[in-house]
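Structure, as structure tokens:
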Amino acid sequence: MKKKLDYYLVGIIGIAIFVNFYGIWNDETVNPYYTAAVTSMVQNFHNFFYAAFDPAGFITVDKPPVAFWFQAISAKIFGVHGFSVILPQALASVFSVIILYFLVRPRFGKWAARVSALLLALTPIAVAVSRTNNVDAILVFFLLLGTLFLFKAVKRGKLVWLLFAFLMIGIGFNVKMLQAYMVLPAFIVFYLLATKISWKKKAVHLALSLVLTLGVSVSWAVVVDQTDASSRPYIGSSETNSVLELAFGYNGMERLLGQETGIGSAGSANSAYSTKSNTTGQNSDGQSSNGAPSFGGANTNNSSTNMPSPPSFGGPNGGGQGGSKMMASGGMFGTGEKGPLRLFQTALGDQISWFLPLALFGMLAIFIAYRRKEAKWFHLSDAQKEMVFWAAWLIPVAGFFSVAGFFHHYYLIMLAPPIAALAGAGLIALFKLYSEKKTWQVFLLPSALTLTGALQAFFVWQYSAPCAIGILLLAIAISLFLVVYRRESTALTAKITALGLAVLLVAPTYWSLTPLIYGGNSSLPETGPGLSSSSGGGFADASVDTGLIAYLEKNNTGETYLFGTTDATTAGPYIIKTQKAVMAMGGFNGTDPTLTVNEFKTMIKNGEIKYFYIPANSKAANSDIVTWIEENATPIDSSEYSSTDATSRTNGGQGMNGTGNGTLYLLK
């Protein structure tokens with residue numbers, strides 16, 4: 001018997017394609033740091049393998065290479081531009097929606113699968129991330145693919161499927177390092193709980209799978225770390241030129257405990273990049289930096305599309321937000337105050353938590369609705385076991401973000417799959433309990449709708465009080481109807497429940513559309529009406545001074561580098577524009593201890609570098625190399641190279657000399 005095509009799923013896929021793809025061709029360079037790396041990676045295999053930031057392979061980006069391999073392959077096919085580097089993430093997000101549908105449907109039915117897939121497709125922060133070249137959407141795709149293999153391993157009891165599942169986590173590690181390990185507890189608990197084989201076999205299977213995960217995770221890192229440093233790029237944002245140190249330091253424990261690397265303390269006393277001041281900090285994901293000159297503020301490349309604009313929510317209290325969440329109070333990067341309610345605060349909640357109350361109620365409803373008759377409470381059904389899996393994904397990850405000191409809003413995409421799955425399956429379970437009309441159980445569905453509506457109203461209130469009141473009143477009215485008329489027909493109450501879901505989808509859908517309407521933030525993806533007044537809130541665009549490029553190209557006498565500078569934020573746009581090597585000596589933050597003064601002098605003597613630009617606000621200002629350059633090199637008057645008219649700048653902003661700050665030096 002042929003399976004019928006689920007036209008609801010087709011429609012949901014269409015929604016996912018629209019929100020993830022529409023207008024991405026307007027973003028010319030996306031996050032310049034990563035696009036510069038792709039520009040370099042397509043030039044040769046050496047740069048491709050190491051994810052080199054610059055064409056000369058001097059330094060890497062601060063992430064492992066797998067996601068950038070996909071971007072580089074896309075760029076090799078379609079050319080290096082915004083669309084080609086975003087394409088892999090947009091596709092990954094669409095496929096994630098499809099995978100979640102097929103994960104939920106077998107145990108909870110087609111309607112639960114449809115709702116879950118729709119909620120994932122319209123999770124605001126998931127949409128925002130997928131429309132950039134940040135790697136999180138690809139990570140989530142691999143983790144969901146691993147979950148698909150895990151469910152098959154449980155169903156069939158075959159080791160091979162479990163190995164595939166844990167292989168995906170290992171690949172995920174090579175997308176964004178330890179962030180992939182957030183799902184390990186869920187994978188382990190679910191396999192132990194749900195697989196119908198002996199405990200001895202379970203232990204052996206998990207041991208083998210964990211060994212595979214670890215081996216795959218560190219495979220690239222070990223190869224790179226064992227390669228002679230002179231034969232490969234320096235590992236960006238590491239203190240010891242080591243991938244493993246990067247993984248467990250800057251991209252590991254610092255995410256939980258707070259950033260230490262790259263905030264002015266990098267390097268030793270005699271290191272070329274020993275710094276003594278400036279604790280503002282910036283990392284490659286786009287946090288505020290003093291390590292680069294101003295590029296005109298917002299990321300103007302990702303301009304708003306010509307899509308008709310819906311009525312604006314306005315700003316806080318109706319007055320216009322006037323800036324991104326980075327400017328919000330609480331947390332190092334506007335991520336709210338640490339604590340158990342952090343995900344319910346406005347600093348983070350309106351990016352991910354729209355359906356978190358429904359998901360929490362859903363966990364309880366699934367536990368009750370799918371219990372086995374006459375069985376003890378701890379004898380779980382298959383559906384209950386899958387609920388435990390999603391809960392074991394949700395709770396530890398939510399716990400991490402509740403206490404972590406160093407992350408950005410778009411990392412919250414890690415919560416999108418479990419919230420969507422539990423809310424979708426949970427809504428159906430809540431309706432099932434409601435339809436049974438047994439005592440207190442009938443109040444679970446109205447309570448879930450009311451509390452979810454109340455939280456959404458709280459998020460919307462900061463922009464529009466009337467809209468917030470409308471959402472709350474509609475949620476309460478629908479809930480009261482369900483309470484008062486619970487003896488009405490199931491068909492009628494099903495329609496009322498669907499209406500309740502539709503009401504609860506209005507605000508998060510609008511939030512998801514804001515990057516399409518107003519233009520997104522390619523470096524720090526986020527959503528919300530505030531994008532309308534912050535031009536996306538980006539930290540940098542890819543503007544360049546064409547006069548400077550002409551001067552440097554004219555005076556280049558065969559040097560490897562067009563010029564050198566302290567940080568990747570300054571260098572990136574020039575790599576993208578010229579496709580030539582620009583040295584970002586201190587990596588993204590400008591503080592990586594890549595060279596000593598003697599090594600730098602040797603490069604000058606060997607004819608590798610002739611010019612060096614020092615931004616006025618560089619965090620490397622107190623480094624030995626910068627001091628040596630200022631004392632020994634010849635400063636060049638900006639009138640000899642800098643463009644003065646706006647038409648000579650590309651990509652609509654000011655180039656690195658557009659603010660009049662910083663100095664270009666002739667090295668000798």
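The sequence shown begins at 1 in full-length UniProt numbering and counts up one residue at a time. The beta carbon of each residue, even a glycine, is placed where N, CA and C say it ideally should be. The model shown is predicted, which means the values in this text are computed figures rather than measured ones.
Residue closest to residue i, alpha-carbon to alpha-carbon, out of the options
{"i": "residue 179", "options": "564, 404, 453 and 379", "result": "404"}
{"i": "residue 669", "options": "524, 162 and 667", "result": "No answer is possible for residue 669: the residues shown for the chain start at 1 and end at 668."}
{"i": "residue 496", "options": "51, 223, 127 and 445", "result": "445"}
{"i": "residue 13", "options": "96, 82, 58 and 191", "result": "96"}
{"i": "residue 204", "options": "214, 192 and 215", "result": "192"}
{"i": "residue 669", "options": "416, 462, 553 and 607", "result": "Because the chain is modelled from 1 through 668, residue 669 falls outside the range shown and cannot be assessed."}
{"i": "residue 595", "options": "130, 565, 577 and 75", "result": "565"}
{"i": "residue 407", "options": "486, 436 and 337", "result": "337"}
{"i": "residue 504", "options": "462, 485 and 478", "result": "478"}
{"i": "residue 131", "options": "463, 87 and 107", "result": "87"}
{"i": "residue 208", "options": "165, 233 and 173", "result": "165"}
{"i": "residue 615", "options": "569, 428 and 412", "result": "569"}
{"i": "residue 215", "options": "242, 169 and 476", "result": "169"}
{"i": "residue 627", "options": "597, 604 and 637", "result": "597"}
{"i": "residue 340", "options": "356, 353 and 402", "result": "402"}
{"i": "residue 512", "options": "498, 499, 484 and 530", "result": "530"}
{"i": "residue 425", "options": "369, 396, 436 and 378", "result": "369"}
Classification of residue i by the beta-carbon crowding that lies within 10 angstroms, buried from 16 upward
{"i": "residue 526", "result": "buried"}
{"i": "residue 105", "result": "buried"}
{"i": "residue 717", "result": "An answer regarding residue 717 cannot be provided, because it is not within the stretch 1 to 668 covered by the chain."}
{"i": "residue 520", "result": "buried"}
{"i": "residue 230", "result": "exposed"}
{"i": "residue 639", "result": "exposed"}
{"i": "residue 11", "result": "exposed"}
{"i": "residue 45", "result": "exposed"}
{"i": "residue 372", "result": "exposed"}
{"i": "residue 630", "result": "exposed"}
{"i": "residue 632", "result": "exposed"}
{"i": "residue 7", "result": "exposed"}
{"i": "residue 599", "result": "exposed"}
{"i": "residue 325", "result": "Residue confidence for residue 325 is low, a pLDDT of 49 falling below 50, so the modelled location carries little weight; the figure read from the coordinates is stated next. So residue 325 ends up on the buried side."}
{"i": "residue 484", "result": "exposed"}
Secondary structure of residue i, DSSP reduced to three states
{"i": "residue 138", "result": "helix"}
{"i": "residue 350", "result": "helix"}
{"i": "residue 429", "result": "helix"}
{"i": "residue 667", "result": "coil"}
{"i": "residue 544", "result": "strand"}
{"i": "residue 327", "result": "Because residue 327 sits at a pLDDT of 42, beneath the cut-off of 50, its placement in the model cannot be relied upon, and the following sentence gives the value as read from the coordinates. Correct three-state label for residue 327: helix."}
{"i": "residue 16", "result": "helix"}
{"i": "residue 584", "result": "strand"}
{"i": "residue 569", "result": "helix"}
{"i": "residue 370", "result": "coil"}
{"i": "residue 401", "result": "helix"}
{"i": "residue 564", "result": "strand"}
{"i": "residue 387", "result": "helix"}
{"i": "residue 22", "result": "coil"}
Under 8 Å between C-beta atoms of residue i and residue j
{"i": "residue 138", "j": "residue 92", "result": "yes"}
{"i": "residue 561", "j": "residue 609", "result": "yes"}
{"i": "residue 410", "j": "residue 136", "result": "yes"}
{"i": "residue 171", "j": "residue 66", "result": "yes"}
{"i": "residue 16", "j": "residue 37", "result": "no"}
{"i": "residue 212", "j": "residue 167", "result": "yes"}
{"i": "residue 177", "j": "residue 64", "result": "yes"}
{"i": "residue 522", "j": "residue 30", "result": "yes"}
{"i": "residue 189", "j": "residue 392", "result": "yes"}
{"i": "residue 593", "j": "residue 239", "result": "yes"}
{"i": "residue 420", "j": "residue 362", "result": "no"}
{"i": "residue 591", "j": "residue 620", "result": "yes"}
{"i": "residue 563", "j": "residue 544", "result": "no"}
{"i": "residue 218", "j": "residue 127", "result": "no"}
{"i": "residue 197", "j": "residue 157", "result": "yes"}
{"i": "residue 9", "j": "residue 114", "result": "yes"}
{"i": "residue 55", "j": "residue 575", "result": "yes"}
{"i": "residue 461", "j": "residue 468", "result": "yes"}
{"i": "residue 475", "j": "residue 450", "result": "yes"}
Closer than 7 Å: residue i CB and nearest the ligand ZN heavy atom
{"i": "residue 396", "result": "As far as ligands go, the structure on display features none, and thus does not contain the ligand ZN."}
Inset, instruction - May I have a chain-ordered list of the alpha helix (DSSP H) segments no shorter than 4 residues that lie completely inside the segment 31 to 69? - result: 32 to 41 and 45 to 50
Inset, instruction - Can you check the UniProt domain "Glycosyltransferase RgtA/B/C/D-like" (62 to 220) for any alpha helix (DSSP H) of at least 4 residues that lies completely inside it and give the ranges in chain order? - result: 66 to 78, 82 to 108, 110 to 121, 124 to 130, 136 to 156, 159 to 176 and 184 to 194
Inset, instruction - Would you mind listing the alpha helix (DSSP H) stretches within the segment 590 to 642 that are 4+ residues and don't spill past its ends, in chain order? - result: Here the runs fully enclosed are 597 to 605 and 624 to 632.
Inset, instruction - Identify every run of the alpha helix (DSSP H) within the segment 442 to 523, keeping only runs that are complete inside it and at least 4 residues long; order them along the chain. - result: 444 to 461, 465 to 484 and 490 to 518
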